[in-house]
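Residue numbers (the working numbering), protein chains in the order written: chain A, 39 to 227; chain B, 39 to 227.
Glycine is no exception: its CB is placed at the ideal position from the N, C-alpha and C atoms.
All figures in this text were calculated on a predicted structure; none of them were measured in a lab.
Contents: one structure, followed by commentary.
Protein chains: 2
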Amino acid sequence: MNLLAKLPGLGPRSARRMVLHMLKRREALMLPLIAAMDAAVHNVETCVLCGNLGGNDPCEICRDPRRDRSIICVVEDVADLWALERSHAFRGLYHVLGGTLSALEGIRPADLRIDSLLERLASGEVKEVILALNATVEGQTTAHYVIEKLEDTGVGITKLAHGLPVGGELDYLDDGTLTAALQARRKTG
Amino acid sequence: MNLLAKLPGLGPRSARRMVLHMLKRREALMLPLIAAMDAAVHNVETCVLCGNLGGNDPCEICRDPRRDRSIICVVEDVADLWALERSHAFRGLYHVLGGTLSALEGIRPADLRIDSLLERLASGEVKEVILALNATVEGQTTAHYVIEKLEDTGVGITKLAHGLPVGGELDYLDDGTLTAALQARRKTG
């Protein structure tokens, strides 16, 4: 129970309910879950190139010959990589930083996978790096740091657009988003 | 009670509570409210130029000599105009369409203030029209219609940027927003 309660989104009460639920279904639920977690421990690997999690190293994305190897999309976490994959909007490669710079949490540049990004750019094959970091303070601080680091490589650096989300109504949006959407307005047609 | 329940955000139950609350405070609340509503009925005017609501016609914004008269920002409703004013991001003039095209609700182009927008552009003083319509299906349909109508005027037409809202995290955004943010990515620095 104490271990379950440490998982994100769970507290002591929900952990207790889960344990009771599992103990009632030992054969049907608990044993398969143990097997699946055991398999995950031994089989899920971190891709040495991009930092993605999967059954192979290098991962399926890095090995896919149909993907555009001249664009690398930099994300904070594997969850963000998966979110972009779900959208089917990107056909290049990824690079997972593994977090954001944070003085509060003691996360320094050396804790992020920035050096391995620079190594991947050394070959000259990559023409564009897209910084797909969250539009949070931490994400944007990290973006600034990465931009500085990449300045000398000569690779093109782009950022995700900021503006109205799909379905966004002006009256319900914060001032910062409205300001960003106005400043980044674009010609139609 | 029945009349109050027709207001947006209220139902029969909340209307009943409000009526009882007011009846208990006739002098302190109900009479001042009646006076304020009566004043609003007689004093709030619709600006003949932009469609804003206020104490004057033309409204304070249209009369303000410090505002940039070469840019008109087109919004759906007065609420959107006020949202943009709160953000302090825009110093030009506005034009309130008064809604969006909707086959379902029977709102046709003639029901929107499009002709009066064309009239305002006729003088040649306006150089840019910003379409600040909601990122909803109705808003974007209306934007397309207005773009077509303005094509022959020669005025520059821009749209609010679509992308990540401030504070937006990739993992929690919908696919459409992620796709828009990727497609509209911009050079840094």
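- Taking 7 Å as the cut-off, the Cβ atoms of Leu42/B and Ala53/B count as close.
- Closer than 7 Å to the CB of Leu139/A there is not a single CB belonging to chain B.
- Within chain B, no C-beta atom comes nearer than 7 Å to that of His133/A; the closest sits roughly 14 Å away.
- Distances from the alpha-carbon of Cys97/B to those of Arg104/B, Ser108/B and Thr84/B put Thr84/B closest.
- Proximity of Asn40/A to chain B, defined by a Cβ-Cβ separation below 7 Å, is not satisfied.
- Neighbours of Arg124/B in chain A, taken as residues whose beta carbon is under 9 Å from its own, are Asp213 and Leu216 in chain order.
- The beta carbon of Ile168/B sits closer than 7 Å to some beta carbon of chain A.
- Taking a Cβ-Cβ cut-off of 8 Å, Gly162/A has no neighbours in chain B, whose nearest Cβ is about 20 Å from it.
- Contact annotation: Arg158/A and Arg129/A have beta-carbon atoms that are not nearer than 7 Å.
- Counting of Cβ neighbours within 10 angstroms places Asn90/B among the buried residues, the total reaching 16 or more.
- In the structure shown, Thr191/A falls within a helical segment according to DSSP collapsed to helix, strand and coil.
- Proximity to Val204/A across Asp212/B, Lys197/B and Leu198/B peaks at Asp212/B, based on C-alpha coordinates.
- For Leu208/A, a Cβ of chain B is located within less than 7 Å of the residue's own Cβ.
- Not a single C-beta of chain A is nearer than 7 Å to the C-beta of Asp106/B.
- Under the three-state reduction of DSSP output, Thr196/B falls in the strand class.
- Taken through DSSP and simplified to helix, strand or coil, Thr84/B comes out as strand.
- Neighbours of Thr191/A in chain B, taken as residues at a C-beta separation under 9 Å, are lacking, since the least C-beta distance is about 13 Å.
- The secondary-structure analysis by DSSP pairs Val134/B across a beta bridge with Val113/B.
- If the five residues before and after Val86/A are omitted, its C-beta is found closer than 6 Å to the C-beta atoms of Asp95, all from its own chain and listed in chain order.
- Around Met39/B, the same chain offers Pro50, Ala53, Arg54 and Val57 as residues with beta carbons nearer than 8 Å, after the five sequence neighbours per side are excluded.
- Membership of Val57/A in any beta strand (DSSP E) is not indicated; the residue belongs instead to the alpha helix (DSSP H) covering Pro50 to Lys62.
- At least one C-beta of chain A is nearer than 7 Å to the C-beta of Ile185/B.
- Taking each of Leu171/A, Glu186/A, Ala219/A and Lys225/A in turn and checking the Cα distance to Gly206/B, the smallest one comes out for Leu171/A.
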